[in-house]
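Asks: The structure that follows is given in the form of structure tokens.
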């Protein structure tokens, strides 16, 4: 019988601070301004290095060792393509712009996979690098929901289109998207609802597939990642999120109704074009704020629950398991407070927000390691260009977070 | 006798086991070099040139993390558990920290870069974008502008205006005067070399007094404008020619194309530079600078109009009076004509080079707050036959 190996508990700790990261960030912003944005890949690497070097796993910090040269090339390639796309759109070259757009959509899975390869291969702990070993076939198979969403909406439009009245010039006053006959309203609405629900299910499936693939095909020192959650777990989190969003919407709607009843009497006095402009501005800002505020707690809730779901159910082969004690309520409150402060400071609170949210998540994780931290064997990790990483960053898939 | 040794833990990349090492930093012309000696009895010696080491950045002057990692590339990583001693040894070995590191550890450097950034932003706004827009506009073919103009006119005809009610004879009369003006314009040196599109005048009704230039050389004037000039004492057809000269200026300077390019340059540049602060700041500053460029276009067209009217031996005072009259009249401001585009109606104070551009952004009703301010001042300068800032 093999000797029983001791299981040790190791905390994960973030030793950085919001104030310190503010300095790092403001330096990035200033250098970006001076270089008209060309500093972006350098800024991203510095940000990653700040967070990695202050993240201690079992008393050793993580290292971000992505090559600066690759990140610059990735950034320039992506920026070039983006500029080409913008020029094509702005100058009305429809063929070129839609070709670029669809090419980009087809490339999405590849971009994601390549970004993950770059990011995992750029992460090192105690001299051993992580690796993302999924094949391109696996990545594209896991991406089936992307294409399913496209199919759902194509089908919906093919079905709905004949029911819609064409926007004839004679009926200019009628809304352009009115069905030809009133009895067709319900089928159209129902079809839209079905398409929406299917889309949401596909989005959840995509998130599940990608997270699963990322963990299951992650390697460190010859040890494979382990993944336990099932699709149903993800659906439950999303359902709770949707419920949370509807509750927030209701609460904000009631508050707004009460507020406008109070303020409404004062409005009538401002008239003329200034009043109209003000009204448009107020309504516009109100709509945007409502959308952001109503969805913010729900988004924070989803993030916290997903984090718990993932970090309580993953590990590395038989040697490591992770646990998190992230508290949902506290995290939602932190996100709401950070968002409000960021809004009030016109964005200058953002570094503090990023640092505190990162600290809350990372600091909640504990690792249980069997057999000690010395047992990992270094392996050759395939190098990956940074184009996908730059694209993923531009699409909002941040390196840190 | 070399520099003092530091103790460190070396992860050689072959396993996650730490190996005790002694390290030394030696000064060299390119920056400090690093030498390692394994202390676990395997007697390994390693030397790294300055460029082969990923030197960890110092994030703050006061505080250091409990440990720092030095990237040795293929040779793994070096964990140093005494960052203070490491920094001291680095300083002794003559390391020059990069600019970013000096900015975050020294306030004076940060403030100096702040000043440079402010100057850079001002220069970018004052010269950078206009220069870039001029270069990019040169590359835009006239064919494309004409296609855009045709498209915009079709859109305007469909949604905002009706055919002109002016008698054909009256139209012909005005067009004849316009053609003389256009011929005079052709004798002027064009602002963009080889850019001389055919200038064409069209009349439309159903909008308040207004005139606008479409890209590619088509100029539209409303019946209300013609009627207004006939009604207002001291204005007449000469005033209309002044307004049309202003519109010819928009065509010759290719202001629509320039505006599109400028907005693109601004959005891309400011988005990259300030996007990480907040999209509110980056898009807000893009909007405001875009408006100020539009103001500059108006001034440029005024200058052009004054110049062209002089060349055609026509007085500029009637045009100024017409502008003032339209500006004074409350009916021409605001939204008195249903169906008129929000940005075209208030632009009654003469022209909007960006008419097609505005049509693609319906709801930009704040335009007139910014693009045509100070009509009285403008009119005065035009009247005096000079326009400020002509250069």
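Chains as they are written, first to last, in our numbering: chain A, 171 to 571; chain B, 26 to 416. Ideal Cβ placement from N, Cα and C applies to all residues, glycine included. Just so it is clear, the structure is predicted and the values come from calculations on it, not from any experiment.
1) What are the partner residues of residue 178(A), as DSSP defines its beta bridges?
2) Of all the alpha helix (DSSP H) runs that stay within the bounds of the segment 177-249 of chain A, which reach a length of 4 or more residues?
3) Residue 122(B) by DSSP, collapsed to three states: which one?
4) Since residue 547(A) meets chain B, which of its residues come closer than 9 Å, beta carbon to beta carbon?
5) Would you kindly work out how many angstroms separate the C-alpha atoms of residue 60(B) and residue 316(B), rounded to a whole number?
6) What's the C-alpha gap between residue 373(A) and residue 393(A)?
7) Can you give the Cα-Cα distance for residue 368(A) and residue 308(A), rounded to whole angstroms?
8) For a contact meaning CB atoms closer than 9 Å, what does residue 177(A) contact in chain B?
9) Please list, in chain order, the residues of the segment 67-82 of chain B that have any C-beta partner in chain A closer than 8 Å.
10) Residues in its own chain within less than 8 Å of residue 266(B) by CB, not counting five upstream and five downstream?
11) For a contact defined as C-beta to C-beta under 9 Å, what are the partners of residue 489(A) on chain B?
12) Beta carbon of residue 290(A), beta carbon of residue 301(A): below 8 Å?
13) Residues of the segment 207-223 of chain A in Cβ contact with chain B at a cutoff of 7 Å, in chain order, please.
14) Measuring straight from C-alpha to C-alpha, what distance separates residue 479(A) and residue 399(A)?
15) Determine, using beta carbons only, whether residue 159(A) comes closer than 8 Å to chain B.
16) If you draw a straight line from the C-alpha of residue 538(A) to the C-alpha of residue 285(B), how long is it?
17) Mind checking which residues open and close the alpha helix (DSSP H) that includes residue 404(B)?
18) At the 8 Å Cβ level, is residue 104(B) part of the contact set with chain A, yes or no?
19) Taking only beta-carbon atoms, is residue 544(A) less than 8 Å away from chain B?
20) How is the beta strand (DSSP E) around residue 488(A) delimited, first residue to last?
21) Where DSSP assigns a beta bridge to residue 493(A), which residues make up the other side?
22) Apart from the five residues just before and just after residue 148(B), which ones in its own chain have a Cβ nearer than 7 Å to its Cβ?
23) Checking 8 Å against the spacing of the C-beta atoms, do residue 98(B) and residue 37(B) come in under that value?
24) Hey, how far is the Cα of residue 119(B) from the Cα of residue 300(B)?
25) Which of the three DSSP states is assigned to residue 398(A) in this structure?
26) If you draw a straight line from the C-alpha of residue 374(B) to the C-alpha of residue 311(B), how long is it?
27) Does the Cβ of residue 256(B) have 16 or more other Cβ atoms within 10 Å, making it buried, or fewer, making it exposed?
28) Give the DSSP-derived three-state secondary structure of residue 94(B) in the structure shown.
29) Mind the definition here: the segment 58-74 of chain B touches the segment 128-136 of chain B only if three or more C-beta pairs lie below 8 Å; say whether that holds.
30) In chain A, which residues lie with their C-beta within 7 Å of the C-beta of residue 298(B)?
31) Who are the neighbours of residue 305(B) on chain A, taking C-beta pairs under 9 Å?
32) If you follow the beta strand (DSSP E) that residue 70(B) is part of, which residue opens it and which one closes it?
33) Can you find the residues in the same chain that come closer than 6 Å, C-beta to C-beta, to residue 178(A), ignoring five residues on each side of it along the sequence?
34) Take residue 268(B) as the anchor and find which of 331(B), 135(B) and 307(B) has the nearest alpha-carbon.
35) Using the Cα positions of residue 319(A) and residue 72(B), report the straight-line distance between them to the nearest angstrom.
36) Assign residue 518(A) to one of three DSSP states: helix, strand, or coil.
Replies: Let me spell this out:
1) Bridge partners of residue 178(A): 539(A).
2) Complete alpha helix (DSSP H) runs here, min 4: 188-204 and 210-223.
3) For residue 122(B), the three-state secondary structure derived from DSSP is coil.
4) Near residue 547(A) (Cβ distances below 9 Å), the residues of chain B are 39, 40 and 41.
5) C-alpha of residue 60(B) to C-alpha of residue 316(B): approximately 59 Å in a straight line.
6) Going by the C-alpha atoms only, they are around 30 Å apart.
7) Distance between residue 368(A) and residue 308(A), taken at the CA atoms: about 23 Å.
8) For a Cβ distance threshold of 9 Å, nothing in chain B lies close to residue 177(A): the least Cβ distance comes to about 17 Å.
9) From the segment 67-82 of chain B, only 79, 81 and 82 have a Cβ closer than 8 Å to chain A.
10) Within the same chain, Cβ atoms closer than 8 Å to the Cβ of residue 266(B) are found at 202, 203, 206, 334, 337, 339 and 344, the five residues on either side in sequence being excluded.
11) What residue 489(A) touches in chain B: nothing, since even the nearest Cβ is about 11 Å away.
12) For residue 290(A) and residue 301(A), yes; Cβs fall inside 8 Å.
13) Answer set for the segment 207-223 of chain A: 207, 210, 216, 219, 220 and 223.
14) Straight-line measurement puts the Cα of residue 399(A) at about 7 Å from the Cα of residue 479(A).
15) Only positions 171 to 571 of chain A appear in the structure, and residue 159(A) is not among them; the question remains open.
16) Approximately 58 Å between the Cα atoms of the pair.
17) Residues 400-408.
18) Closer than 8 Å to some Cβ of chain A, the Cβ of residue 104(B) qualifies, so yes.
19) Yes, its Cβ sits closer than 8 Å to a Cβ of chain B.
20) Premise fails: residue 488(A) is in no beta strand (DSSP E) and is neither H nor E.
21) Paired residues: 536(A).
22) Short of 7 Å from the beta carbon of residue 148(B), and not among the five residues preceding or following it, lies no beta carbon of its own chain.
23) No.
24) Each residue's Cα considered, the two are about 37 Å apart.
25) Residue state, collapsed to three classes: coil.
26) Residue placement at residue 374(B) cannot be trusted, given a pLDDT of 31 that sits under 50; what the coordinates show is reported in the next sentence. Roughly 25 Å separates the two Cα atoms.
27) Flag for residue 256(B) reads exposed.
28) Residue state, collapsed to three classes: strand.
29) With the rule of 3 Cβ pairs closer than 8 Å, the segment 58-74 of chain B does not count as touching the segment 128-136 of chain B.
30) Going along chain A in sequence order, the residues near residue 298(B) (Cβ under 7 Å) are 202, 203, 206 and 207.
31) Counting only Cβ-Cβ distances below 9 Å, residue 305(B) has contacts in chain A at 513, 516 and 517, in chain order.
32) For residue 70(B), the enclosing beta strand (DSSP E) starts and ends at 70-73.
33) Within the same chain, residue 178(A) has close Cβ partners 539.
34) Out of 331(B), 135(B) and 307(B), 331(B) has the C-alpha closest to the C-alpha of residue 268(B).
35) So the alpha carbons of these two residues sit roughly 56 Å apart.
36) The answer is coil: DSSP assigns residue 518(A) none of H, G, I, E or B.
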